[in-house]
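The block underneath contains the structure these notes are about, expressed in structure tokens.
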Amino acid sequence: KERSSGFDFGTYHTLEEIFQEMDNLAEQYPDLVSKLQIGYSFEKRPINVLKFSTGGNKPAIWLDAGIHAREWVSHATALWTANQIASDYGKDPSITALLDTMDIFLLPVTNPDGYVFSHTENRMWRKTRSTISGSLCVGVDPNRNWDAGFGGPGSSDNPCSDSYHGPSANSEVEVKSIVDFVKSHGEIKAFITLHSYSQLLMYPYGYKCTVSKDFNELNEVAQIAAEAVTSLYGTTYEVGPICSIIYQASGGSIDWTYDYGIKYSFAFELRDTGHYGFLLPVNQILPTAEETWQGLKKIMEHVRDNPY
Amino acid sequence: QKTFIGDQVLEITPRNEEQVKNLRQLETEAHLQLDFWRPLRTAGEKVHVRIPFSRLQAVKIFLESHDIPYSIMIEDVQVLLDKENEEMLFHRR
């Protein structure tokens, strides 16, 4: 069985390899890391989450990646991040203090069916693989499927569109599994989702173009995090609410979490500094993960130091 | 596996709102099978669009006839995909 130390974080991996590495991490750090399954995808693949906990049921930070299947650098970054969290505990004072105060849940492959499909059939696949009655087209955009302005502007009612919102909010089991988990946990204090590309750090709202009540604080935290990202390799990030820095997009995850009461809700769009789009070369995976980590740490430290 | 031989990604920069409007119209043409990697926002901001090989000529003619500036961001998507596959195989070995 391949040990975690032999795992190559600097390349893209299949779903099986990612799941194997998640098991390895849990084996390598048994007092800190465990794997839990929060549901099954449409095609019955497990939705596996890594839990980082020093014991007890603490308030928690949620991280996920790969809700859009083709954004491979986000999955790779999540896995590198998992290893970093585990190996930093007990060494890095900031992460040690964080994990002594809070738990972290990390979902490296939010859309496993789509991810497999992007490896085996269509590298450009973005959506889930659910079938829709009455349509030949497959899949729902899982980041238009949350119960936040569901079906509104910036989502499509055409099942053939890449931004199809689905028949109803939470119709995608991949989305519902997270919603159920967040609700049942009850103490998620931050929700951070990793996408790629275009180098953005965003916060609510996307389904409406009004500012949230925590706009000032979220903007300040995001600016600090973006500066930290830039500090490593000079990668520039744009910061702002989804609606103003991309476009109005309804049914997104961080809008739902924010309206549900999770104040620290952020979405990263990771790098492509060289105009590769979703085909970021493997030699950029580690730099992307390293710089993202700087930003993630800033956000997590703020969450740790500002309980609510 | 689906191939993307000859597909290109264009970087398009609409100069004004009129050109944005033209691009929005292009976006709604389902038969063109355009894939917006970096979405259309406002004038002056770059848009990245993957265009199937079979639709390239039509889209380029549209852009040129409306005087919308563009450049080729990815010459052939399949070449990058092949490289990505090679890199993954190399790392696996």
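Protein chains in written order, with the numbering used here: chain A, 21 to 328; chain B, 922 to 1014.
Every residue, glycine too, gets a C-beta built ideally from N, C-alpha and C.
Computed from a predicted model, the values in this text were never measured in an experiment.
Kindly indicate which residue of the options has the alpha-carbon position closest to the one of residue i.
i	options	result
B:Ile-993	B:Glu-939, B:Glu-1007 and B:Val-970	B:Val-970
A:Ser-94	A:Ile-266, A:Thr-151, A:Glu-321 and A:Phe-298	A:Phe-298
A:Asn-239	A:Tyr-227, A:Val-249 and A:Met-222	A:Met-222
B:Phe-932	B:Pro-990, B:Leu-1010, B:Gln-922 and B:Glu-1007	In the sequence under discussion, the amino acid at residue 932 of chain B is Glu, which differs from the Phe named in the question. Measuring from the Cα of B:Glu-932, the nearest candidate turns out to be B:Pro-990.
A:Met-122	A:Ser-264, A:Leu-99, A:Val-129 and A:Tyr-109	A:Tyr-109
B:Val-941	B:Thr-924, B:His-952, B:Asp-956 and B:Glu-966	B:Glu-966
A:Trp-145	A:Arg-90, A:Asn-165 and A:Asp-133	A:Arg-90
A:Thr-31	A:Leu-70, A:Phe-211, A:Asn-303 and A:Gly-174	A:Asn-303
B:Thr-963	B:Gln-978, B:Asp-928, B:Arg-945 and B:Gly-927	B:Arg-945
A:Lys-71	A:Gly-271, A:Thr-101 and A:Phe-29	A:Thr-101
A:Glu-192	A:Ser-61, A:Pro-66 and A:Gln-40	A:Ser-61
A:Tyr-296	B:Glu-996, B:Glu-1007 and B:Ser-986	B:Glu-996
A:Gly-174	A:Asn-131, A:Ala-210, A:Cys-229 and A:Ala-80	A:Cys-229
A:Ile-274	A:Ile-87, A:Ala-46, A:Ser-54 and A:Leu-35	A:Ile-87
Once you ignore the five residues that flank residue i on each side, which residues in its own chain have a CB closer than 7 Å to its CB?
i	result
A:Asp-234	Lys-283
A:Arg-143	Arg-90
A:Val-195	Pro-162, Asn-165 and Trp-166
B:Arg-959	Lys-967, Val-968 and His-969
A:Gly-26	none
Excluding the five sequence neighbours on either side, which residues of its own chain have a C-beta within less than 6 Å of the C-beta of residue i, listed in chain order?
i	result
A:Ile-152	Pro-179
A:Glu-311	Val-249, Leu-252, Tyr-253 and Thr-255
A:Glu-258	Leu-220 and Ile-265
A:Arg-291	Gln-219, Thr-255 and Thr-308
B:Val-998	Phe-925 and Asp-928
Under 8 Å Cβ to Cβ from residue i, same chain only, skipping five residues before and after it: list those, please.
i	result
A:Glu-331	Because chain A is modelled from 21 through 328, residue 331 of chain A falls outside the range shown and cannot be assessed.
B:Leu-947	Leu-953, Leu-955, Val-980 and Phe-983
A:Asp-120	Thr-74
A:Glu-207	Asn-77, Lys-78, Pro-79 and Ala-80
Would you say the beta carbon of residue i comes nearer than 7 Å to a heavy atom of the ligand GTP?
i	result
A:Ile-105	Because no ligand of any kind appears in the structure shown, any question about the ligand GTP cannot be addressed here.
task = Quick one: which residues of the stretch 930-961 of chain B get their C-beta closer than 9 Å to a C-beta of chain A? List them in chain order.
result = Val-930, Glu-932, Ala-951, Asp-956, Phe-957, Trp-958, Arg-959, Pro-960 and Leu-961
Selection of the stretch 988-1004 of chain B by Cβ proximity to chain A, strictly under 8 Å = Met-994, Ile-995, Val-998, Leu-1001, Leu-1002 and Lys-1004
task = Identify each residue in the stretch 264-278 of chain A for which the Cβ-Cβ distance to at least one residue of chain B is less than 8 Å, and report them in chain order.
result = Ile-266 and Tyr-267
request  = Compile a chain-ordered list of the residues in the stretch 128-151 of chain A whose CB is closer than 8 Å to at least one CB of chain B.
outcome  = Thr-140, Glu-141, Asn-142, Arg-143 and Met-144
Stretch pair the stretch 149-163 of chain A + the stretch 182-196 of chain A: three plus CB contacts closer than 8 Å = yes
message = Please give me, in chain order, every unbroken run of the alpha helix (DSSP H) with length at least 4 that falls completely inside the stretch 90-146 of chain A.
response = 92-108, 113-121 and 132-140
query = Hey, is the stretch 198-214 of chain A in contact with the stretch 267-284 of chain A, meaning 3+ C-beta pairs nearer than 8 Å?
reply = yes
task = Could you pull out every unbroken beta strand (DSSP E) segment of at least 3 residues lying fully inside the stretch 201-241 of chain A, listed in chain order?
result = 208-216 and 220-223
query = Taking three-plus beta-carbon pairs below 8 Å as touching, is the stretch 95-107 of chain A in contact with the stretch 224-234 of chain A?
reply = no
Unbroken stretches of the alpha helix (DSSP H), 4 residues or longer, contained in the stretch 271-313 of chain A = 273-280
task = Check distances from the C-beta atoms of the stretch 287-300 of chain A to those of chain B and list, in chain order, the residues that come in under 8 Å.
result = His-295, Tyr-296, Gly-297, Phe-298 and Leu-299
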